[in-house]
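Anchor point for the sequence shown: position 11 equals 19 in this note's numbering, and the numbering is continuous, going up by one each time. Comments concern the structure below.
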Amino acid sequence: TGLVTDPNRGAVPGATVRLRNPATSDSRQTTSGPDGRYVLSQLAPGTYVLTVEAPGFKTFSSGSFTLSANQDAEVNAPMT
């Protein structure tokens, strides 16, 4: 889960959120809601990279992070 925000900490609705596991090439995609929130669920344990794109903003990349079994993670995307 996470929150996509603009430089003033306002919500960025409709942003394209992609999550990719480079080791397996597994990829998921969703869109941030009206409140800027996104949710991607039921992910296999592994290392992932999150990218977020929205018109008028630079692409955000989280860098790699690891998810373990039964772990919840929050990756917020401050857009510039």
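Cβ atoms here follow ideal geometry from the backbone N, Cα and C, with glycine treated the same way.
N-terminal and C-terminal residue of the beta strand (DSSP E) that Ser-40 is part of
Looking up residue 40 in the sequence shown gives position 32. Membership of Ser-40 in any beta strand (DSSP E) is not indicated, and neither H nor E is assigned to it by DSSP.
At what residues does the beta strand (DSSP E) containing Val-47 begin and finish?
Start at 1 with the first residue of the sequence shown, and residue 47 comes out as number 39. Looking at the DSSP string, Val-47 is not in any beta strand (DSSP E), and its letter there is neither H nor E.
What whole-angstrom Cβ distance do Thr-59 and Arg-36 have, given they're in contact under 8 Å?
Looking up residue 59 in the sequence shown gives position 51. Looking up residue 36 in the sequence shown gives position 28. That belief does not hold up - the Cβ atoms of Thr-59 and Arg-36 are roughly 11 Å apart, past 8 Å.
Less than 8 Å between C-beta atoms, sequence neighbours within five positions excluded: which residues of the same chain meet that for Ala-81?
Start at 1 with the first residue of the sequence shown, and residue 81 comes out as number 73. Around Ala-81: Thr-9, Phe-73, Leu-75.
How many Å lie between Arg-28 and Leu-51 at the Cα?
By one-based count along the sequence shown, residue 28 stands at place 20. By one-based count along the sequence shown, residue 51 stands at place 43. Going by the C-alpha atoms only, they are around 10 Å apart.
Among the candidates Pro-63, Gln-79, Asn-78, whose CA atom is the shortest distance from the CA of Thr-24?
Sequence index remark: in the sequence shown, residue 24 carries index 16 (1-based). Nearest option by C-alpha distance: Pro-63.
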